[in-house]
Amino acid sequence: MIFFVISFYQEAKPLIEHFKLQKILSSKFEIFSNNQIFLILTREGIIRSSIGTTFLLTRFSAQEKDMAINLGICGAKNRNFQKGDIILCHKIINHYTKKAFYPDIIVNHDMKEGVLESFMIPVKKDIKEEIEGDIVDMEGAGFFESASFFLPPHNIHCIKIVYDFLDYEKIKKEEISNLIYHHIPKIEKFIYSLLELNKYEKLPFEEENIKDMVEKLKESLNLTFSMTHELEKYLKGYIIRKGNIPKEIFDFINIKANSKKERKEYFERIKKLLSP
Amino acid sequence: MKELKSFSPLRTFSHIYVEKEILSHPITEKILNRFPKSIIIEIDSYKEVFSRSNQNYKVQELSKKLILAKKRKEFIYPGPPLCPNFGQYYFYYTTLILNCIFSCDYCFLKGMYPSAHIVVFVNIEDYFKEIDEILKDHPLYLSISYNTDLLALENIVPFFSMFLNYAENKKDLIIEVRTKSCNLKIWEELKPRDNVILSWTLLPDEIIKKYEKTPSLDLRIKAIKKAIDHHWIVRLNFDPLIYVEDYKEVYKRFVEKVFQEIDPSKIYDLSIGVFRIPKDYFKRMKKIFINEVTLFPYEEGDNAYTYPHELKKELINFLIENVSLYIPKEKIFTI
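Chains as they are written, first to last, in this note's numbering: chain Z, 21 to 296; chain R, -15 to 319.
Spelled out as structure tokens, the structure:
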């Protein structure tokens, strides 16, 4: 699953339209989804972003192979970046705690990179000297700290689009959506690369098939908890070495162990069959 | 383990994390000059990156990053019991670099560290000071390539050369450098020292292909021959022995090949040991790496997992039997 954490509707609108997301929840937070992508609107602020992230990832039971992305506009400290640049953040600093977070950037991407610093209040030029990051926002650090509890650092990312240069321009809603809409191909490509990266970790066997076989053997032979666990390990090892489950193992499914002694005997026979 | 991938990982060291305190250290500058296209990210402590929770070692291996740091304490450690000490009472090791540029399915580093990224402690001068202090009390047998392959990284950070210069004329100091590298030029360029042992780990090519992303056996043998030709002291490690079904044929061919190519009389000594791994490391390793190595039904010893006793004995005896056709028994160490 792909989780987007976004503060405002104008920032989310291009994604909601592009991925055809439907509103599925509207209580404390608004959440949109198409069953593969879940997008939450958190409103502005480090704390709100943190709470929204935790809510989203808990509510939809985030797993290690899922990814979380915080997307939104930002201000740039200097003119190394231009208005509309899309930036993948390689370091995210909480301005107040000085705690820094680092995503693992493993796959190629078409974005610029930079350091994001998160503040509780809108940042103006006059505090430029205090800013350590290249760009500033009001969410990234809260999002990242919360997401780190659930996901590995290669699956957590902050993507920011430069809107102003801390000159406190009045924000034009339509302009924000246009800036983000323009970058959807780059965001989409990055997501696909991450999906592929997570598939790279695919196990060399079907976990379900193994569990099914183990369950059948546990039933027929009345195996203990530790025997069941050991059997699973032996089966996986055999399949990795030989490529499939040995035919002889099916003979044990129809046997009934009537005593502890019998159970032990059958179990030892299975172990011998599956041993290297 | 080789797998197909349909995405494009960033090149190794695409990002270099540098502790602010050592930004202007000469070794930091040297390394950064070597990678002008890498993105430099300033950090306060290497642990901010290296020790993050939930990292995936396997995924990180696709695009390892470099972390440059300062070692602040504990420069030298006593040799661990699972490593052969070759009869040396004062066996210590040091960790200038954490993690390895190579990747072997059975390597304990995969369970030892939370991250696959490579940490380089640039302040080698502090290591030398600590060794100076220890040498005032007693001699030292020091393994300098224990949690890494120092020689494989010599082109990036010349710690080996620096150690050679440091060790010159230090009679109470013996240095051992473990490696699987295949650099040839280095042995022509550097002057051999009689207190430096080059210690090559060799495995049969069938096992290298199956379990390692490292130089082939042929390339390693070439490097060893070059080092011997230039009068370096060379040790061979047939360690770890990895069990495969046809291990007798595989290892017999391997031993024959090694000693057909390398003159056994030029070998300083040789170690033999089966795969073994501390329990805690193995538990962490098998959570992420699901393969033939991690799914083998090992025997649980006091502190480590290894092959069942009978198999271990069989493997070691078979190797001793074959190796002793070429190397005198007093030069063979087993663990």
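Built from N, CA and C at the ideal position, the CB exists for glycine as well.
For the segment 238 to 259 of chain Z, the beta-carbon criterion of a distance under 7 Å to any beta-carbon of chain R is satisfied by Lys253, Tyr254, Lys256 and Gly257. Nearest Cα to Ser22 (chain R) within the set Z:Lys206, Z:Gly72, Z:Val143 and Z:Glu133: Z:Glu133. One alpha carbon belongs to Asp253 (chain R), the other to Cys84 (chain R), and they sit about 25 Å apart. Contact of Pro172 (chain Z) with chain R by beta-carbon distance below 8 Å involves Asn38, Gln39, Asn40 and Val43. Residue environment: Arg56 (chain R) is assigned as exposed (fewer than 16 neighbouring CB atoms within 10 Å of its CB, all protein chains considered).
Put simply, the backbone Cα of Lys175 (chain R) is about 13 Å away from that of Leu182 (chain R). When only Cα atoms are considered, Lys276 (chain Z) and Asn301 (chain R) end up about 42 Å apart. Taking C-beta atoms as the reference points, Leu220 (chain R) and Ile170 (chain R) fail to come closer than 8 Å.
DSSP links Lys193 (chain R) through a beta bridge to no other residue. Annotation: the segment 261 to 304 of chain R contains the following complete segments of the beta strand (DSSP E) (minimum length 3 residues), in chain order: 288 to 290. Taken in chain order, the complete beta strand (DSSP E) segments of 3 or more residues contained in the segment 110 to 186 of chain R are 124 to 127, 157 to 163 and 180 to 185. Chain Z has no Cβ within less than 8 Å of the Cβ of Ile226 (chain R).
Nearest CB-CB separation between Ile179 (chain Z) and chain R: not below the 8 Å threshold.
Around the beta carbon of Gly71 (chain R), fewer than 16 other beta carbons sit within 10 angstroms, so the residue counts as exposed.
Looking at the backbone, the Cα of Val228 (chain R) and that of Ala167 (chain Z) are separated by about 42 Å. When DSSP states are grouped into helix, strand and coil, Ser240 (chain Z) belongs to the helix group.
In summary, the residues of the segment -1 to 10 of chain R whose CB is separated from some CB of chain Z by less than 9 Å are His(-1) and Tyr1, in the order they occur in the chain.
The segment 29 to 111 of chain R contains, as complete alpha helix (DSSP H) runs of 4+ residues, the segments 31 to 34, 41 to 44 and 93 to 96 (chain order). When the alpha-carbon of Asn287 (chain R) is set against those of R:Asn306, R:Phe19, R:Lys296 and R:Arg260, the nearest one is in R:Arg260. Taking Val156 (chain Z) as reference, the option from Z:Gly95, Z:His174, Z:Phe23 and Z:Ser53 with the minimal CA-CA separation is Z:Gly95. Residues of chain Z with a Cβ closer than 8 Å to the Cβ of Ile23 (chain R) are, in chain order, His110 and Glu133. Between Ile179 (chain Z) and Ile106 (chain Z) a beta carbon distance of about 7 Å is seen, short of the 8 Å cut, so the two are scored as contacting. Closer than 8 Å to the CB of Asn114 (chain Z) there is not a single CB belonging to chain R. A residue is called buried once 16 or more other Cβ atoms fall within 10 Å of its Cβ, and Leu309 (chain R), having fewer, is exposed. Using a Cβ-Cβ cut-off of 8 Å, Leu174 (chain R) does not count as an interface residue toward chain Z, since no Cβ of chain Z sits closer than that to its own.
In the DSSP assignment, Pro224 (chain R) falls within the unbroken beta strand (DSSP E) covering Ile217 to Leu225. Annotated three-state conformation of His115 (chain Z) is coil, per DSSP.
Short of 8 Å from the beta carbon of Pro296 (chain Z), and not among the five residues preceding or following it, lie these beta carbons of its own chain, in chain order: Gly257 and Arg261.
Not a single CB atom of chain Z sits nearer than 8 Å to the CB of Glu298 (chain R).
Residue environment: Thr78 (chain Z) is assigned as exposed (fewer than 16 neighbouring CB atoms within 10 Å of its CB, all protein chains considered). Distance from the Cα of Val2 (chain R) is smallest, within the candidate group R:Cys88, R:Met146, R:Ile246 and R:His101, for R:His101. A residue is called buried once 16 or more other Cβ atoms fall within 10 Å of its Cβ, and Arg18 (chain R), having fewer, is exposed. For Ile22 (chain Z), the enclosing beta strand (DSSP E) stretches over residues Ile22 to Ile26.
Taking 8 Å as the CB threshold, Glu276 (chain R) lines the interface with chain Z.
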